[in-house]
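> First the structure, which I've put down as structure tokens, then a few questions once you've had a look.
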Amino acid sequence: RMEEEYVQYELVDGEEVDYVEYNKDDQPIEESSQRPNSTKLNIKGRTFFSNAVLFKAIKAVIKGNMNVNKAANFYGVPRSSLQRKVAQSREEHKRSVNEEYLKKLEAKAQKEREESLDEETIQWRDEYQRRIDEVEANVAEEIRREEAAAAEEREKAQFDQVDSECIIEENVDPSVDNHIYLDAGQNSSRRDNDEDDDIPPPPQIGLERGSTKRFEEEVEVVADELEEREGSVEGMPRLDCFHQY
1 RMEEEYVQYE LVDGEEVDYV EYNKDDQPIE ESSQRPNSTK LNIKGRTFFS
51 NAVLFKAIKA VIKGNMNVNK AANFYGVPRS SLQRKVAQSR EEHKRSVNEE
101 YLKKLEAKAQ KEREESLDEE TIQWRDEYQR RIDEVEANVA EEIRREEAAA
151 AEEREKAQFD QVDSECIIEE NVDPSVDNHI YLDAGQNSSR RDNDEDDDIP
201 PPPQIGLERG STKRFEEEVE VVADELEERE GSVEGMPRLD CFHQY
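In the UniProt record's numbering, the protein residues as written are 1 to 245.
Pasting the structure below:
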């Protein structure tokens, strides 16, 4: 029996196509611009059919109304082509269903990841805030301890200073003049209010006032006395200070 080759064409409503016959070497051997009057037309042993008829046969097989052999005989399409197209349609349908199912699974997984991410973000934020509060509390406590230690050191230093001053005051040499103190600012109550207290008093020089009555004579007597004591009057205070004194 001679093996038949089948050629399938895609037809659109109202469109005319050229039906070309191919030999075993896939070379066109005849071309016709006329549409055949039936879905199955034998031209030199070749069979031609439209895509619409093949679609009806595939639909009948997929719905289970006919098997492949019965649908091929009823619609006049090759059994091998119908079987191949049915298998291809079922595979595409299965793939499309699986793709939709995979898309649903992916969307569900993405939603779960987002929810998990949100939950992790909330937990991380709470943990971060807790650590910040803990650090701030530790810093505040450290500052309070440092301030208390500094206040204690200041109080101790003040106590040591007062204690030292009391010891110094108790051990002051009575022969030291009253107007000399270690701290004039803190011991101002011990000093006289007179502004001239910082100036040491002039030397105590006895003046002989026996027979002299005038100032010039008194100066001469003092000068003579100084010459007798020191031998010279150089470096001594001016004589007018004696009058002020």
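The beta carbon of each residue, even a glycine, is placed where N, CA and C say it ideally should be.
All values reported here derive from a predicted model rather than from experimental measurement.
1) In angstroms with no decimal places, state the Cα-to-Cα distance between residue 117 and residue 124.
2) Can you tell me whether residue 75 is buried or exposed? The criterion is at least 16 other CB atoms within 10 Å of its CB, across all chains shown.
3) Quick check: the segment 92–103 against the segment 121–136, are at least 3 beta-carbon pairs closer than 8 Å?
4) Cα separation between residue 53 and residue 85?
5) Thinking residue 69 and residue 79 are a contact (beta carbons under 8 Å), I'd like their distance in whole angstroms, please.
6) Using only alpha-carbon positions, find the residue among 156, 147, 88, 102 that is nearest to residue 62.
7) Is residue 37 buried or exposed, if buried means 16 or more other CB atoms sit within 10 Å of its CB?
8) What did DSSP end up calling residue 68 once you bin it into helix, strand or coil?
9) Less than 8 Å between the C-beta atoms of residue 109 and residue 82, yes or no?
10) Taking Cβ to Cβ, would you say residue 60 is nearer than 8 Å to residue 72?
11) Where does residue 140 land, buried or exposed, given buried means 16+ other C-beta within 10 angstroms?
12) Can you look up residue 89 in the DSSP assignment and give me helix, strand or coil?
13) When burial is assigned at 16 or more other CB atoms within 10 Å of the CB, is residue 23 buried or exposed?
In terms of the structure at hand:
1) Roughly 10 Å between the two C-alpha positions.
2) buried
3) no
4) 12 Å
5) 6 Å
6) 88
7) Per-residue confidence for residue 37 stands at a pLDDT of 46, beneath the threshold of 50, marking its modelled position as unreliable; the derived number appears in the next sentence. By the neighbour-count rule (16 or more Cβ atoms within 10 Å), residue 37 is not buried but exposed.
8) helix
9) no
10) Inclusion of residue 60 and residue 72 in the CB contact set at 8 Å is not warranted, their separation being larger than that value.
11) exposed
12) helix
13) A caution first: residue 23 carries a pLDDT of 43, below 50, which makes its placement in the model unreliable, though a value can still be read off. By the 10 Å Cβ count, residue 23 comes out exposed.
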